Amino acid sequence: MDESRGCKYFPIWLLGDSNPKNWEDKLDVPLDTRHPAVHNIWTPIVDLVQETVFEKDCKRINTSRLYVRNAVEDANEKPEYGVKNWDPRLNERTRKLRKHIEEYKPKIVFSLGAFAFEFARRALTSEEGEYQGSRYWSAEKLGEQFRQRTKGFCVGETNLLPLLHVSIARGKFLEAHRSFTQCDKGNYFEYVAKEISKVLLCNENDFSTIWK
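What the sequence shown shows, in the working numbering, is residues 1 to 212, in sequence order.
Right under this line is the structure:
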């Protein structure tokens, strides 16, 4: 499996978790659209964003150029959920991501799940006192971070926006909807798509290279 796909100069990046253990030799790229998981955790959001943006501004995002990669390729490199002190090799990977972000300056990095969010957080800050284990980032806390970060969105910086991973696609999916949105009947996909669409439309001139 290739390490990444898309264009690093594209203003929107998508950071997944890790290569699927049983399929990485059979798939070509991260979040390969032949794997069903991507259609449970990412496709519904993109489709709703495209629909909203097109309805309001007759534009569509050129998703073929979206830069996509996983935090790590080998799932065995991921630390236990409660561990804050990561392996030096993993820390080096976060530093490498930091260099890429500094070089290519994406405006948005979407992270899928707790581990990818913490991985990207560490890439964007050098303050070790702020580090957490992945277990800390429950669906509720990721929702809080999403609200804070979309509300305080700054188009001149790299904005890390957390999304859910397996929790929205497995047995406790209804609980994940409620926890992330903080609404008893909340729909996670509609909620995040609406907020992402707002960000893109409010800053559409600064995102001029994403449209087709």
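Quick reminder that beta carbons are idealized off the backbone N, C-alpha and C, glycines included. Bear in mind that the values here come from a model prediction, so they are computed numbers and not experimental data.
Which value, in whole angstroms, describes the spacing of the CA atoms of residue i and residue j?
| i | j | result |
| --- | --- | --- |
| Leu161 | Thr150 | 7 Å |
| Val83 | Arg89 | 15 Å |
| Ser134 | Tyr81 | 5 Å |
| Lys185 | Asn91 | 39 Å |
| Asp17 | Asp206 | 28 Å |
| Phe173 | Cys202 | 31 Å |
| Phe153 | Glu204 | 13 Å |
| Ser64 | Gly171 | 31 Å |
| Thr43 | Ala37 | 9 Å |
| Arg95 | Pro11 | 20 Å |
| His39 | Leu200 | 22 Å |
| Asn187 | Glu55 | 20 Å |
| Ile210 | Asn70 | 21 Å |
| Ser126 | Lys99 | 12 Å |
| Leu66 | Glu3 | 14 Å |
| Cys58 | Glu77 | 43 Å |
Excluding the 5 residues flanking residue i on each side, which residues of the same chain have their C-beta closer than 6 Å to its C-beta?
| i | result |
| --- | --- |
| Lys212 | Arg60 and Asn62 |
| Pro79 | Trp86 |
| Val68 | Arg5, Gly6, Leu14, Pro30 and Leu31 |
| Met1 | Asn19, Glu24 and Leu27 |
| Glu73 | Asn19 |
| Ser167 | Ala139 and Ala176 |
| Asp47 | none |
Restricting to Cα atoms, I'd like to know which of the options is closest to residue i.
| i | options | result |
| --- | --- | --- |
| Leu97 | Ala120, Ala114, Asn85 and Phe110 | Ala120 |
| Asn22 | Asp206, Gln132, His35 and Arg93 | His35 |
| Tyr136 | Ser18, Ala114, Arg147 and Val155 | Ala114 |
| Ile41 | Ser126, Ser111, Asp184 and Tyr131 | Ser111 |
| Phe189 | Arg95, Ala176 and Glu204 | Ala176 |
| Ser208 | Glu92, Leu48, Val155 and Asp2 | Val155 |
| Asp20 | Phe173, Val199 and His165 | As written in the sequence, residue 20 is Pro, which differs from the Asp given in the question. When only C-alpha atoms are compared, the closest one is His165. |
| Gln148 | Ile210, Glu195 and Ile12 | Glu195 |
| Ala75 | Ala116, Thr33, Lys99 and Ile12 | Ala116 |
Who are the near neighbours of residue i in its chain, counting only those whose CB is closer than 8 Å to its CB and skipping five residues on each side?
| i | result |
| --- | --- |
| Thr158 | Ile101, Lys105, Pro106, Lys107, Ile108, Val109 and Leu124 |
| Glu130 | Arg121 |
Using a Cβ-Cβ cut-off of 7 Å (strictly less than) and excluding sequence neighbours within five positions of residue i, which residues of its own chain qualify?
| i | result |
| --- | --- |
| Val192 | Ile45, Phe146 and Leu163 |
| Tyr9 | Tyr104 |
| Ser197 | Val49, Thr52 and Val53 |
| Gln132 | Lys84 and Glu118 |
| Arg93 | Val72 |
Residue i CB to nearest chain C CB: under 8 Å?
| i | result |
| --- | --- |
| Leu160 | No chain C appears in this structure, which consists of one protein chain only. |
Just to confirm, does residue i get its C-beta within under 7 Å of one of the non-hydrogen atoms of the ligand FAD?
| i | result |
| --- | --- |
| Pro44 | By its list of ligands, the structure shown contains no ligand whatsoever, and the ligand FAD lies outside what it can speak to. |
Contact between the segment 138-153 and the segment 168-184 (3+ Cβ pairs under 8 Å): Judged by Cβ distances under 8 Å, the segment 138-153 makes contact with the segment 168-184, as three or more pairs qualify.
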